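Chains as they are written, first to last, in my numbering: chain E, 1 to 501; chain A, 502 to 1002; chain P, 1003 to 1503; chain Z, 1504 to 2004.
Here's the structure we're looking at; comments come further down.
Protein chains: 4
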Amino acid sequence: MLVPERPAGRFSDAWRRCVGAGRFDLALRSDYRDSLALVQQEIGFQYIRQHGLLSDGAGIYQPYTRGGSPGLAYTFTYVDQIVDAYLALGVRPFIELGFTPAALGSGPQTVFWWQGNVTPPASPAEWAALVRTTITHLIDRYGLDEVRTWPIEVWNEPDLDVFWPAGDQDDYHRLYELTACTVKDVDASLQVGGPALSPGADAEWLKRFSAFIEDRAVPIDFVSRHAYTSGPSQPVPFGTYQTLMPAATLLDQFAAPRQELAGTALAGLPVHITEFSSSYRPDNPIHDTAFHAAYLAPVVVAAGDLVDSFSYWTFSDVFEEAGVPASMFHGGFGLLTHRQIKKPTFHLYSFISRLGRDVLASGESFVVTRDPAGHIAILAWAPVDHTGRSFVDGHRVRLSVPVGPGSSAFIARSSVGEEAGNARAAWAAMGRPASPRPRQVDALREAAEPVRTYRSVPVAGGRVELDLVLGRHEVTLVEVSPVVDETPPWSDDARLFGRAG
Amino acid sequence: MLVPERPAGRFSDAWRRCVGAGRFDLALRSDYRDSLALVQQEIGFQYIRQHGLLSDGAGIYQPYTRGGSPGLAYTFTYVDQIVDAYLALGVRPFIELGFTPAALGSGPQTVFWWQGNVTPPASPAEWAALVRTTITHLIDRYGLDEVRTWPIEVWNEPDLDVFWPAGDQDDYHRLYELTACTVKDVDASLQVGGPALSPGADAEWLKRFSAFIEDRAVPIDFVSRHAYTSGPSQPVPFGTYQTLMPAATLLDQFAAPRQELAGTALAGLPVHITEFSSSYRPDNPIHDTAFHAAYLAPVVVAAGDLVDSFSYWTFSDVFEEAGVPASMFHGGFGLLTHRQIKKPTFHLYSFISRLGRDVLASGESFVVTRDPAGHIAILAWAPVDHTGRSFVDGHRVRLSVPVGPGSSAFIARSSVGEEAGNARAAWAAMGRPASPRPRQVDALREAAEPVRTYRSVPVAGGRVELDLVLGRHEVTLVEVSPVVDETPPWSDDARLFGRAG
Amino acid sequence: MLVPERPAGRFSDAWRRCVGAGRFDLALRSDYRDSLALVQQEIGFQYIRQHGLLSDGAGIYQPYTRGGSPGLAYTFTYVDQIVDAYLALGVRPFIELGFTPAALGSGPQTVFWWQGNVTPPASPAEWAALVRTTITHLIDRYGLDEVRTWPIEVWNEPDLDVFWPAGDQDDYHRLYELTACTVKDVDASLQVGGPALSPGADAEWLKRFSAFIEDRAVPIDFVSRHAYTSGPSQPVPFGTYQTLMPAATLLDQFAAPRQELAGTALAGLPVHITEFSSSYRPDNPIHDTAFHAAYLAPVVVAAGDLVDSFSYWTFSDVFEEAGVPASMFHGGFGLLTHRQIKKPTFHLYSFISRLGRDVLASGESFVVTRDPAGHIAILAWAPVDHTGRSFVDGHRVRLSVPVGPGSSAFIARSSVGEEAGNARAAWAAMGRPASPRPRQVDALREAAEPVRTYRSVPVAGGRVELDLVLGRHEVTLVEVSPVVDETPPWSDDARLFGRAG
Amino acid sequence: MLVPERPAGRFSDAWRRCVGAGRFDLALRSDYRDSLALVQQEIGFQYIRQHGLLSDGAGIYQPYTRGGSPGLAYTFTYVDQIVDAYLALGVRPFIELGFTPAALGSGPQTVFWWQGNVTPPASPAEWAALVRTTITHLIDRYGLDEVRTWPIEVWNEPDLDVFWPAGDQDDYHRLYELTACTVKDVDASLQVGGPALSPGADAEWLKRFSAFIEDRAVPIDFVSRHAYTSGPSQPVPFGTYQTLMPAATLLDQFAAPRQELAGTALAGLPVHITEFSSSYRPDNPIHDTAFHAAYLAPVVVAAGDLVDSFSYWTFSDVFEEAGVPASMFHGGFGLLTHRQIKKPTFHLYSFISRLGRDVLASGESFVVTRDPAGHIAILAWAPVDHTGRSFVDGHRVRLSVPVGPGSSAFIARSSVGEEAGNARAAWAAMGRPASPRPRQVDALREAAEPVRTYRSVPVAGGRVELDLVLGRHEVTLVEVSPVVDETPPWSDDARLFGRAG
C-alpha cells in the first residue's frame, strides 16, 4: 500500500481513557500498586474503574450502637489511601457506585467470592446519605475541579440477576434517579451516568431507560454498557473454556448504544464502554494467550471512532471474584499476572501507546501513524480465526511509507506472538508451575518481553518500502525514523581488525 | 550511680526475636509492606507471627468439584508471595497453624470482623493433610535448613471460647497431638509447640497440657503463652477504654510458664511469649500514647532474662479484627499507624535496637550498655503510674559513666514523651481528623520524630557525669562517644566575623 | 501587630528563580545530583547557573589532527547528560558562556584550582562558531520553545583581573557584541545578557557598557551583576575569615543596576543578580553557621521587589575552586555540605518555599503570608549583629493573625538557630572530624533538622494571638491552620486509664 | 559430546575476583556509580582496581603555607566517599599506589588527558609518609580485618616510559622497597605486591625484580602483570585501529609470570593479572563489538586455572585517559558505555556469572557446568578469526547432557552476537549519533539485551540432546532444568476456543 503523506485523521486516544480493576479495596495490595505503576509507566491510562467502593471491604459505611441507640459513621480510611495513590500514579477514579453495604442491604444475596451484597438498599434515604457523604468527602479532599472530571456510574449490570437479584428494571430506575439526583444536588457540574448494561441486555432495555430518564427529567451525563464475545461456560476446576465470537462483534456492541438511543433524549450523550474483553470469566485461559492480543488489536485500533471510552477489563490479575487464583496463569482478566508478568495484551496496549497523533493509513491488519516530529509508528497484526481451527502464519503487510529527505531510515520492530513475548508458553514449557520459584519468575519476566530488532533501510524518493511478515498471532510495532548520519569520514568498520600488514 | 567499667552481663536480644502482625493475608497490603520495611530498617525483628495462615483469605485450601466428584487443591499463590517478601525484608515466619478453612470446619462459628472459622476440623485426616502439605511446600520452596529455624505453633488461645468455641481442653490436646506428629513426620528437626495460652488461663491448664504431652510422648519443642495487663472493656463506638495493671505484672506473666512447668517434662523447654502488650483490644487508645512507651520500657529491657522471646502485638495498625479502622489514631496495636506514622512505642524499640552488647549497669529507670567499639548507650525512662492518677515530671537519673581517655565526649540524646515524638498529641491538636489530609500527614510524620540534642561534655578521670532530667512519660536514649579532637590550630570561631580593624 | 485580613500584595517568587552551582562538569557527580534532587524536592529552584560550560572539563571543544591537517569536533557527551538530568529534576540551565577552551585561548592564564582558561579567545570566528554550535545543538535536542526560556549570560565578572586578565572593558564589549549577535543570529527569540559584574565594579562600568550597547545597537535582553558583603580576606590554611557589612547592603547592591541604568537604553530591562551571598570565598566558615540564615533572611524576603532574580551562590559544597575540600565543614558556599547535610541557610530557603501567595503584613523581623486555601505561614527571624560583637536572644514578635471562624487553630513551628538545626555545632562538639564516620554522618543528618513543635491555640474573634520568642540566630516558620474538630462525643482522654473502680 | 555425569573439577571463580576502572576520582561520578551498581547486580565482582589514588584529583596530599612556613594536610574527603560507596555496593578496593601528587613529583611529566604526574617522588620520606598515612587512615575507618583483604599494588607498568619517564628499573626497585616496607610497617598482615608490568616487558625484567626482592629480603605477597593482544596503533581522530593476536596469546601472557619466576624466591606467590583486554587503547572500537565477546570467551572460561585473578580493563566507559569521549560508542574499555548501555562483553561476564560450581565437560567452544541443585548451565561461543578475514557462521555444538529423571527439561537460551544483544550495530543503523536522543538511548538499551528463547525438550535415558547452532560471533548461555509437571488433568489447550458446537 502506498501510504499517503497527508494524515487521514487523528488517532483517537479513547483507548487510554479508562481501564478496569478488581474490587476497590484490592487497591490496598502491594502487587496491585506495583502493577498499576508499571501499567502507568508503560501505557498510561487516564481513569480506573472497579466494583465495590460502597461494599464492606472498603469500609465506608459503619453502623454502631451507643447507649443502646444506633449510630452511623462514614469512614474513608481506605478510600483516601487508595485515591491518594491513584492520583500520585497519574490516574483518576471512574467511580462506580456499588454495591450495597451488608447492613444497608434488603437481603442477604451476594455476588462473587468476596461476597458483595447486591440487594437494593433497604433505606433509600440512607443510600442517598451514603452517596452524598461519599461524594462530598471526595470534593472536600480533592477539590471540586478535580472531582467533576470523574465520571460517576450508578451500579453495575442491573439487567443481570447476579448483580440485581431482587429487583427489576423499574427498581433500577428508581435507584438511578435517587442516586443521580443526589449527586447533582451535591454539585450540578458532577458527571453522572449509567446503566452499565451487560452485553446480554436486550435492545429494549436501554430504550426503556431512556424513556424513563426523559419522562422524569432525571439527570444523566453519559450512557454506559459492557461488551464481551464469549459463549457459554464450559467449566473445569479453577477454569472455564468458552467459544468466542469474531472480534468485530465487539465493535458492534460498542456501536449499539448510539444506535439504540438514536432519536431519544439520550442520543447525544457520551458513550462509555465501562468493561470489555473477550471472555467475561476471570478464569478463562484465553486472556493469557498470544491469540488474545492479535484478536483484540483491530478492535482497540478502531473503537475510538465509535465511543468515548472502552475500558479493558482489567489491568491486573489481582482480582478475587472467583477466589484466590490457584496458579500463576489462571486465565485472569489482567494485562499483568500476579507479580507483574506481562501478557501479550499488555504489549498490544504498550505498542498502541507509542502510536503517533495522526493516522496516515489503515487497513485490515495495520494502521500507520505519524507524530508531529515526523516519526512513523505502525501497528500490524496477524489476522486470527476466532474458532482456533485454522491459523495464519506468514501474513504479509507491504507498505510504502513516506519518511522525507535523507538516504536511510532506522527501523525498530517489536513483536509479540506465539514465539516471542509469550510468557504463558514459557510457563507451559516449565511444566505449568502453580507458584513459580524465584528463578522461574525471572525467566517468565524475560520471556514476556517482545522480541526487538533494529536495522537501517534505504530511503528512495522520500519513502521506505516495508514488507512485514507476521507469524502466528503476532502483533508488531514498527517505528521508522529518518537517519541523520553522523558517521565521521575516518570511521571504517573494515579497519576494525587493523590494516593488512 | 557510679557505673562500673566491667560489664555485669550481656544484654539479651530476645526483645527482637519476634513481633506480631495482623492476619496472614494482610501481608499482601502495600501499607503493611512499607511498614514492615520501615520497622526492619530502624528496629530489625527476626520473626513475625500472625493468625490466619490456614484461613480462607490466604487461600491454601480450595475444594472443587469435577464431573460430580469432589476434589481438593492446595494453593500457595499468596503464601509464597508473602514469605518471599518476608525473607527479602530479613524477617522469618513464626508459623501459627490456624484457623480452620471454612469448608473444613465442623461448624459456622467465626472470630473477628474477617470471619476466621475457629471450629475444630471436621476431618482430622484432612487437617493433617493440610498441615503436611503446607509444611512440605514450604520446605520444597525455601529448603529444610531454612524452615527448621521457623517455630511452628499449634492454634491460638485454645483456652478461650472465642478461639475454640466448640471444644474443650481435651479437644485441643487431640488437635495438638495430631498436628505436632504430622509436622514431625515431615521432618523430625522441625520445631513444634504450643499452646499459645491466653493470659486468662488458669494455672492448671498448662499442667494438664504437660501431663498429656508426657503421657502420650507427644513431640514438643517449645511452650508459648500470651500476656496482657488490661482490665474489663469499657466500650465506646470504635473504641475501648480499660484499666491497666502495673507493667511489672507482664514480667510475672512471662515468668509463669517456667514456674508452672517446674518439675514437669516440659520444664526445660524454650518459652515464647507469642503476644504481649498492655491492652488486648485493637481499639484501645492507650496503645497510641507516650505513656505506653514509658510503661513498657522496663518490661522490654528486663524480659530477656525470663523468656526466649516476647513478641509485641503488633508492628502495624494494618489490622482488621474489629473492622476497617475508623480513624488514623484508633487505638490499634501497631508500633506504626496506617501510613506509617511512628508511635512512641516504635521509638522505645528503635532506641533499644541501638543499645550495646554488654550491660554495665541497670536500675529502676535506666540501663547502661556498651558495644565492643566502646560506645556507651543508655536507655532511661520516667516511671509511670498505671492508673494515670498522678504522673512523674522531672524524674532525674544521675550517672557517672566510664568513657576512657580523652578530654571530652560527644553526647547525642533522643527523646519521646508527652512533649516530643508524640504524633497522637499533634493529631489531637489538629482536631483528631479521622483521615488526615496529605499536609496533615506530613506534619504528623514530623511530629512523630524524637527530639534530638547534641553536645560535648568534659571527661574527668575517664568519666562523664550525666544528670538526666526526664519529662512526663519520657523515654530517652543517650549515646556517649569519646571525642577525637581534629580541630586544626588555626581554627578559631572568635574570628568568624573578621578581626577588628 | 494586628495583621490585616486583606493582602498587602503578592509575595514575589523571584527568590526561587535561580541558584548557583560549582563548575559545569561537577554536575556529573553523584553527590551533586543527590544534592540537587534534595534541593528540588524541598525547595524547588527554576534555573541553575554555573561556570565552565565552555571549559575543557565539559569537553565541548575538541581539536584534532588528521593527515597532518587540523580539524575540530564539538562534543556534547557530558553537556547532554547534564542538561538531561537537570530537566528531569525540574530545573533549567541559566547559561553562562565561559570560559575559553585552552586550545582557543590567547594565553595561559587560568582561574581556580580546576584551571579554567580565562584569556580572550584567540580567534573571534572560532569563538562565534563555538557559541553558535553549542546553542544550535541545545535547540536541536531540547527544542526552541524550551531553550528560549534559558537566559544566556556572556562571561563572568569581566571587571576583575582574575576573570579577564588580558583584557579591558572594551575587550569585553567586543566579546559581548560578538557573542550576543551570534546568539541572536541562531534565533532572535533567545535571551542574551550580561555583564555579570562583580560587586567591586565602579558605578561607571555599567554606564559605559550601556552606552556601548546603545551606540552599536547590540542585542541585550537582561542585565546581570553579583552581590557580596565580605571584607578583605584573612587567610588561614584551607580557610578564610572576613569582616561583613550589614545584610542590607545586599539590597543596595541589588538595587544598583536599575539606579545606574536609569535614563539609559537599558533602563527597562530585567535585572538578574546571578550570584549573591555574604562572603565570596568558598572557604569562609560563616556560610555554615546559624548566623548566616538569620543574616540573609530579611534579604531573601525583600529582594523580590527589587530584581527579577537573585541567585544564591551555591546550592552545594560540591565545588572545587579552591581544591578538594579538606573537611566536611570547610566554609563552602553550599546550602548542603558534601553528603547532603543541610546547613541553616538551606532551611531558610525551605521555610520560604512554604510561604503563601499573598503578603498580609511584614516588619523588620517577620513576614506574614496566606495561600488561597487560607493557610497562614509566617517567617520570622532574630535580628543579627553583622560584627558578631553582640547578639540578640529572646527577640519577640507579637502578631494577631486572622484565621477566620472556628474555635481553635493548629500551629506548627519549625526553627533553626544556634540550638537547633545546626549541624556545624554538632560537628564541632564531635571534635570537627574532617571526614566523619558513617554513624557521625547519621548524627549530623539528624542534627541538621529543624526543631518542630505543634500545638492548638484558641481563636477569638477570628484571630489567634502569637507571641513568638526567638533565640539567638533563630529563623522560624510558623504555620497556622484553622482546626476542623472531628472529635467524636465519646472520645475522652480522661478515660484513657479506665474509669475509677 | 556425551557429557559425563560426574564433575571433572570446579569452575574457578577467579574471573570475578577483580575488574578495572577509570581513575580514582571518577568514582565520584553518577554514571560511574550507576554503572557499578548494575555490574554488581548482574555480574558481581569482588575487587576493583584503578589508577590515581594518590594523584591530585583524589585530593589526599594538600600542602599549605601558614605564617610563611610550609605545612601538609592529608585529606580523605573523596577517598572516604568512594570507598564507602564501594563497600555498600559489595566490592572492595584493589589498591594501586600511584601516581605522584604534583607537588611531590620530581618533575613535570604527566600521563593521560587528566595529567597524572608520573615522576618519582622528590622526597622518599614524604612518599613513605603519604603511603603510611593513607593506609593507616583506611584501617582506622574500615578496620584492619577489612583492609588486610585488600591487595596493595605498587605503581603501574614501571617498564614503560609513559608511566615511569624519569626512572629505570632500579629506580622502581627502590620505590617498591620503600613502599612495601612502609605498608608492612603499618601492619605485617597487609598484602603488598607488584610490579604491574606491561605486556611489553621483556622476560628478564621480572627475573631482575625477583633477584632484587630476594637479595634484599623485601616483602612481597603477590606478583602482578598486564596482558593485551593488540598490535601497533593506527590512529584516526578520536579513535585507533589495531591488529590483534589470537586470543590464546592472552593465556600465554597470563601464564608467563609463573614460568618466568619458576625456581626463584617468588615462585609460589599468587599471580594477579591486574589488567587485560584485547587492545590497550581506550578508543579502539573493537571493544564495543560482538566479536569481542566471542574472542574473549575462551580466555575468561579457561584463565582461572592459570592465575589467581585477571581483571577486565574496565567495567565502564566513564574513563578520561584520552579526554572526554566524543561519541556514545567510541571504543572505550568498558563493559558498559556512558549511560549504561551493555556491550556484548558485559553479557559474556553476566552469562559466566550464571555458570554452576562444577565443570562437567569443556571443549574448544563450550563449557558445561552444574550447580549443587542440579541445574545445568552451558556457555558456548562461535570460534572467531582474529584477523576478521573470515568468520564462522552456523558453528554447531552437540551435547548429550545428563539431567536426571523426568520426562522433559526446560531450556532457556540467551544469546548475543552480530544479530542480537548488539547495541553498537543498532547505533550504527541509527547513523552513529554522537550523543543519542533519549528515545534513541531507550532503543539502544533494548537493543543491548540478549535474545532469549524458551522451550521444553524431551528427556530420554536421563539426558537431553542439544544441537546448538551459533551465529557469527555468538556467545550463548543455555540453562537446562528438569521439568516438574504440575499440569492438572483438566488443562487442555485444545479447548482454548471452546468445544465444537
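Every residue gets a Cβ at the ideal spot worked out from N, C-alpha and C, and that includes glycine.
Quantities reported herein were computed from a predicted structural model and do not represent experimental measurements.
Residue i versus residue j - alpha carbon distance
i       : j       : result
P/R1525 : P/L1140 : What the structure shows of chain P is the stretch from 1003 to 1503, and residue 1525 of chain P is not part of that stretch, so it cannot be assessed.
Z/L1505 : Z/A1864 : 9 Å
E/Y47   : E/R92   : 5 Å
E/Y142  : A/G824  : 26 Å
P/A1496 : A/W614  : 28 Å
A/Y533  : E/V79   : 16 Å
E/G71   : E/E126  : 12 Å
Z/S1533 : P/R1031 : 5 Å
A/W706  : A/Q670  : 8 Å
Minimum C-alpha distance to residue i - residue among the options
i       : options                            : result
Z/Q1565 : P/D1494, P/F1240, P/D1307, P/A1375 : P/F1240
Z/V1753 : Z/A1770, Z/W1667, Z/H1889          : The identity of residue 1753 of chain Z in the sequence shown is Leu, whereas the question assumes Val. Out of Z/A1770, Z/W1667, Z/H1889, Z/H1889 has the C-alpha closest to the C-alpha of Z/L1753.
Z/H1775 : Z/I1789, Z/T1767, Z/T1817, Z/F1725 : Z/F1725
A/Q467  : P/T1067, P/H1475, P/H1377, P/T1121 : For residue 467 of chain A there is no data in the structure shown, the boundaries of chain A being 502 and 1002.
A/L767  : A/S725, A/G668, A/D753, A/L880     : A/S725
P/I1084 : P/I1354, P/V1164, P/R1025          : P/R1025
Z/A1963 : Z/P1985, Z/L1575, Z/H1676          : Z/P1985
E/A303  : E/L28, E/A247, E/D84               : E/A247
6 Å CB neighbourhood of residue i in its chain, flanking five on each side removed
i       : result
Z/A1926 : I1844, L1947, A1950, A1951
P/R1372 : G1358, D1360, L1362, I1378
Own chain residues within Cβ distance below 8 Å of residue i, not counting five before or after
i      : result
E/S189 : L144, R148
A/L745 : T730, S731, G732, S779, S780, I787, Y796, H887, T888
**Prompt:** Which whole runs of the alpha helix (DSSP H) in the stretch 1227-1311 of chain P are 4 residues long or more, in chain order?
**Reply:** 1250-1263, 1292-1304
**Request:** Assess, as a yes-or-no matter, whether the stretch 893-906 of chain A is touched by the stretch 922-932 of chain A under the definition of 3 or more beta carbon pairs within less than 8 Å.
**Result:** no
**Message:** Runs of 4 residues minimum, wholly inside the stretch 1326-1362 of chain P: which ones carry the alpha helix (DSSP H) assignment?
**Reply:** 1346-1354
**Request:** Please determine if the stretch 509-528 of chain A and the stretch 1756-1763 of chain Z are in contact, where contact requires at least 3 C-beta pairs separated by less than 8 Å.
**Result:** no
**Message:** Contact between the stretch 1821-1839 of chain Z and the stretch 1780-1791 of chain Z is defined here as three or more beta-carbon pairs at a separation below 8 Å; is this criterion met?
**Reply:** yes
**Prompt:** Counting Cβ pairs, one atom from each stretch, are 3 or more of them under 8 Å apart for the stretch 311-325 of chain E and the stretch 402-417 of chain E?
**Reply:** no
**Message:** With a threshold of 8 Å, are at least 3 pairs of Cβ atoms found where one atom belongs to the stretch 1973-1989 of chain Z and the other to the stretch 470-478 of chain E?
**Reply:** no
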